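Quick notes on the structure that follows.
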Amino acid sequence: MTELKDLKDGPFEERVAEVDRWVIAYASEGAIGLIDREILRGVLSEVGANFENLDEDGTKSLAQYSNKGKHLGMEQVWGERRAEFKTWTEAWVETYERRTGKELPKVVFTDEETGEKRPSKTEGMRQLLGELTAYASGCLSFPELAKILITRRYNFGKPKDQPAEEGGRRKITFSGHNISQETGKEKPFAPASFPPEFPLDAWEKIKSWRK
Numbered sequence: 001m002t003e004l005k006d007l008k009d010g011p012f013e014e015r016v017a018e019v020d021r022w023v024i025a026y027a028s029e030g031a032i033g034l035i036d037r038e039i040l041r042g043v044l045s046e047v048g049a050n051f052e053n054l055d056e057d058g059t060k061s062l063a064q065y066s067n068k069g070k071h072l073g074m075e076q077v078w079g080e081r082r083a084e085f086k087t088w089t090e091a092w093v094e095t096y097e098r099r100t101g102k103e104l105p106k107v108v109f110t111d112e113e114t115g116e117k118r119p120s121k122t123e124g125m126r127q128l129l130g131e132l133t134a135y136a137s138g139c140l141s142f143p144e145l146a147k148i149l150i151t152r153r154y155n156f157g158k159p160k161d162q163p164a165e166e167g168g169r170r171k172i173t174f175s176g177h178n179i180s181q182e183t184g185k186e187k188p189f190a191p192a193s194f195p196p197e198f199p200l201d202a203w204e205k206i207k208s209w210r211k
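The sequence shown: position 146 = 146 (full-length UniProt numbering), numbered continuously.
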């Protein structure tokens with residue numbers, strides 16, 4: 001097996017194959033093995049990520065949990081690709097629902113500015129790119145990345161109103177997110193999920209950006 005040090009300096013094909021194996025294991029088994037930050041960052045850079053464009057505010061943005069919180073950082077790193085990925089996830093949902101005859105669950109969240117409740121079927125899907133970007137940029141630790149991604153995959157198809165110990169969705173906490181107004185502490189929440197095959201298609205989409 002290629003030594004890690006050699007792999008970091010190796011051809012794109014070898015480095016992207018390392019990420020391919022990681023994504024396949026996650027999609028097929030729900031397993032999250034350690035993925036080297038430098039290798040992932042290098043691969044994402046070669047498909048269009050501009051990590052050098054991150055400023056202090058963008059770095060703080062990527063350290064947040066939500067898509068809204070990550071917006072600035074994602075814009076700085078990906079530019080127009082961020083919106084393109086969002087549009088692609090919406091098309092992916094339509095294709096999935098047509099093919100399976102099953103409707104994907106909606107996450108309903110409240111717009112902080114308008115108070116309007118807005119449903120989304122792509123929240124967790126879009127967060128996959130955000131979380132890979134945050135990890136590659138050093139804004140998210142590997143244990144946090146693994147915790148989120150494992151829970152996203154596990155929660156797919158699990159009942160919403162059932163305790164985790166009875167087969168319902170698992171919940172996690174994330175620093176600075178979902179703060180209780182009463183205690184000032186983070187409240188557990190269930191991360192938005194996606195079908196197990198989604199990461200494979202998403203990774204192929206991301207790789208297609210390489211010029």
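Ideal Cβ positions, reconstructed from N, Cα and C, are used throughout, including at glycine.
If you're wondering where the values come from, they're calculated on a predicted model, not measured in any experiment.
Could you check where the beta strand (DSSP E) with P119 kicks off and where it finishes?
For the purposes of this step, residue 119 is identified with residue 119 of the sequence shown, where counting begins at 1. Run containing P119: K117 to S120, per the beta strand (DSSP E) assignment.
Mark S193 as exposed unless 16 or more other C-beta atoms lie within 10 angstroms of its C-beta, in which case mark it buried.
The residue labelled residue 193 in the question sits at position 193 within the sequence shown. With 16 or more other Cβ atoms within 10 Å, it is buried.
Checking the sheet assignment: what are the DSSP bridge partners for F109?
Locating residue 109 in the sequence shown gives position 109, counting from the first residue. In DSSP, F109 forms a bridge with R118.
So, at 7 Å on beta carbons, what are the nonlocal neighbours of G30 in its own chain, with the 5 sequence-adjacent residues on each side left out?
By one-based count along the sequence shown, residue 30 stands at place 30. Closer than 7 Å at Cβ, skipping near neighbours: I150, R153 and Y154.
Taking Cβ to Cβ, would you say G48 is nearer than 8 Å to R81?
Against the sequence shown, residue 48 aligns to sequence position 48. Against the sequence shown, residue 81 aligns to sequence position 81. Yes, these two residues count as a Cβ contact at 8 Å.
Of the residues E165, K106 and W88, which one's Cα is nearest the Cα of P119?
Taking the first residue of the sequence shown as position 1, residue 119 is located at position 119. Nearest C-alpha to P119: K106.
Do you know how far the Cα of Q64 is from the Cα of A190?
Numbered from its first residue, the sequence shown carries residue 190 at position 190. Numbered from its first residue, the sequence shown carries residue 64 at position 64. For A190 and Q64, the distance between alpha carbons rounds to 16 Å.
Note down the Cα distance separating G138 from L40, rounded to an integer number of angstroms.
The residue you call residue 138 lines up with position 138 of the sequence shown. The residue you call residue 40 lines up with position 40 of the sequence shown. Taking the straight line joining both Cα atoms gives about 11 Å.
So which of I32, E144, S45 and F85 has the shortest CA-CA distance to T8?
As a position in the sequence shown, residue 8 is number 8, starting the count at 1. Before going further, note that residue 8 is Lys rather than Thr in the sequence given. Among I32, E144, S45 and F85, the Cα nearest to that of K8 belongs to S45.
For H71 and L132, I'd like the C-alpha separation in whole angstroms.
Working through the sequence shown from its first residue, we reach residue 71 at position 71. Working through the sequence shown from its first residue, we reach residue 132 at position 132. Approximately 14 Å, taken between the alpha carbons.
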